[in-house]
Ligand SMILES: [Fe+2]
Ligand SMILES: [Fe+2]
């Protein structure tokens with residue numbers, strides 16, 4: 001007699017139950033009964049990430065316009081590239097918040113308190129690069145923590161965060177490369 005193991009039985013989805021579930025609570029949009037994460041916590045984390053990205057947009061734009069000195073131009077341009085990418089991150093996060101049935105918090109009041117990174121004006125090119133690098137490292141750590149927390153309970157949010165994380169790592173890498181160059185130029 002052959003024994004049936006789990007590996008032999010094909011993976012089957014109960015289509016009838018799946019269809020019935022989908023019909024219930026249709027006002028919940030993309031959030032179904034199979035959503036495994038704690039939605040309120042995910043929404044709070046995403047709104048903190050949104051605030052962080054918006055603060056990064058403001059800081060990079062300030063630095064773009066304030067960067068002065070010999071050879072400041074390519075660095076100022078890079079700050080603007082980063083500002084634009086941080087804005088794209090903010091938009092992706094806001095869109096995911098809405099998909100999850102939440103509301104993106106764009107309220108300027110308390111924005112810097114909700115953000116993980118700080119808005120530091122910085123004095124001179126080297127300080128600007130350092131402050132942006134610190135902010136990127138904060139963003140990297142907080143995205144890693146969020147990704148770890150979400151695990152496999154919300155794959156879509158996880159993927160959004162992983163895509164953003166990869167760009168923050170590039171940003172940090174670029175800033176770290178700029179730093180020694182800018183330091184020798186301003187000495
Ligand atoms: Fe970002
Ligand atoms: Fe960044």
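Residue numbers (the UniProt record's numbering): 1 to 187.
Using N, Cα and C, we set each Cβ at its ideal position, and we do this for glycine too.
Of the residues the options, the one placed nearest residue i, counting alpha carbons only
i           : options              : result
residue 36  : 64, 78 and 100       : 100
residue 184 : 44, 71, 25 and 61    : 71
residue 102 : 29, 127, 22 and 182  : 29
residue 154 : 86, 118, 33 and 142  : 33
residue 158 : 179, 10 and 45       : 45
residue 105 : 91, 118 and 117      : 91
residue 43  : 27, 161, 58 and 68   : 161
residue 108 : 24, 58, 10 and 25    : 58
residue 80  : 175, 60, 179 and 128 : 60
residue 39  : 68, 83 and 98        : 98
residue 128 : 175, 31 and 10       : 175
residue 113 : 55, 83 and 77        : 55
residue 132 : 118, 144 and 142     : 118
residue 177 : 87, 78, 21 and 66    : 78
residue 181 : 115, 74, 142 and 23  : 74
residue 164 : 142, 152 and 76      : 142
residue 173 : 20, 156, 25 and 140  : 140
Residue i Cβ short of 7 angstroms to ligand 1 heavy atom set
i           : result
residue 97  : no
residue 145 : no
residue 53  : yes
residue 25  : no
residue 89  : yes
residue 164 : yes
(request) Would you check if there are 3 or more beta carbon pairs closer than 8 angstroms linking the stretch 110-129 to the stretch 147-157? (result) Result no; under three Cβ-Cβ pairs closer than 8 angstroms.
(request) When you get a sec, list the residues whose CB is within less than 6 angstroms of any heavy atom of ligand 2, chain order please. (result) 56, 82, 86, 136, 139, 168 and 171
(message) Report the start-end ranges of each alpha helix (DSSP H) in the UniProt domain "Ferritin-like diiron" (36-186) that is 4 residues or longer and not cut off at the edges.
(response) 39-66, 72-99, 111-114, 124-150 and 155-185
(request) Mind the definition here: the stretch 129-143 touches the stretch 154-171 only if three or more C-beta pairs lie below 8 angstroms; say whether that holds. (result) yes
(request) Tell me, please, whether the stretch 9-24 touches the stretch 41-53 by the rule of three or more beta-carbon pairs shorter than 8 angstroms. (result) no
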